[in-house]
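In mature numbering (1 follows the signal peptide of the UniProt record, and there is no 0), the protein residues as written are -20 to -1, 1 to 212. Virtual Cβ for every residue (Gly too), placed ideally from N, Cα, C. Structure, as structure tokens:
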């Protein structure tokens, strides 16, 4: 029975870790009224589904950063996102299929409900906000969100979490491994060329690590399912 208690504690710790990692990641400061968010809802809170959400997130951010120029207005951002929706859907479908998931997904640009969230000393009130919403499967799991327009955050390649744009720029200046996955509707041109170059190797790193993570997570889930059947 001691092994069972140990496994239960491990499961609780794993879920707590997932919760901490998958909160919305946004920059310090207020989000402007004219903003478009990116919100990705996992199929469930299982470790595998949450890991899948992160893989899809990285793929979408990489796709967004491959586009030609950063929008200068919210109207232009809407147009760019809508005109590239087929490419976004293709990226999501490819990632799900590559990992053997048969559940569907939706990708839509429109108004979406956001709950109240507290990050540090900032409180972001609940309400309807414009967002590119990606729903994986049933969409019942924890979500990850950031701001597409204007670009307010970047994704740290060492943790997979988003960090403030200013911090990302400072880290890049020091030669740190930060990928400019600035949840933005397009790749940064001109002065942001270095940021887009930093994004390239980040996808390669995520292409290998998730495979090992998925194996371990699937193994843990299989073990938990066996124990539930044994003691249920």
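Asked	Found
Bridge-paired residues (DSSP) for residue 262	Residue 262 lies beyond the residue range present for the chain, which begins at -20 and ends at 212; the question has no answer from this structure.
Cut-off 7 Å between Cβ atoms - residues of its own chain near residue 62, not counting five sequence neighbours on either side	89
Close Cβ partners of residue 106 (< 7 Å) along its chain, the five nearest in sequence each way excluded	94, 95 and 96
Residue closest to residue 33, alpha-carbon to alpha-carbon, out of 126, 115 and 131	115
Run of the alpha helix (DSSP H) containing residue 16, from where it starts to where it stops	Note, residue 16: premise wrong, no alpha helix (DSSP H); beta strand (DSSP E) at 16 to 21.
Burial state of residue 77, where buried means 16 or more other Cβ atoms lie within 10 Å	exposed
Residues that residue 123 bridges to, as DSSP identifies them	21
9 Å Cβ cutoff met for residue 113 and residue 86	yes
Best match in 127, 74, 58 and 121 for proximity to residue 36 [C-alpha to C-alpha]	74
Buried versus exposed call for residue 189 [16 or more other C-beta atoms within 10 Å across all chains shown]	Interpretation of residue 189 is limited by its pLDDT of 40, a score under 50 that renders its predicted location unreliable; no figure is taken from the coordinates.
Same chain, Cβ closer than 7 Å to residue 68, neighbours up to 5 away in sequence not counted	40, 43 and 87
Beta bridge counterpart(s) of residue 129 as assigned by DSSP	16
6 Å Cβ shell around residue 24 - same chain, five flanking residues per side excluded	120 and 121
Beta-carbon proximity list for residue 21, same chain, < 6 Å, skipping 5 on both sides	115, 119 and 123
Residue 52, DSSP secondary structure in three states	coil
Rounded C-alpha distance that separates residue 111 from residue 16	5 Å
Burial state of residue 117 (16 or more Cβ within 10 Å)	buried
Distance between residue 82 and residue 18 (C-alpha atoms, nearest Å)	23 Å
Alpha helix (DSSP H) segment containing residue 75, residue limits	65 to 78
Sheet register partners of residue 85 (DSSP bridge)	116
The alpha helix (DSSP H) enclosing residue 42, as first and last residue numbers	27 to 44
Burial state of residue 66 (16 or more Cβ within 10 Å)	exposed
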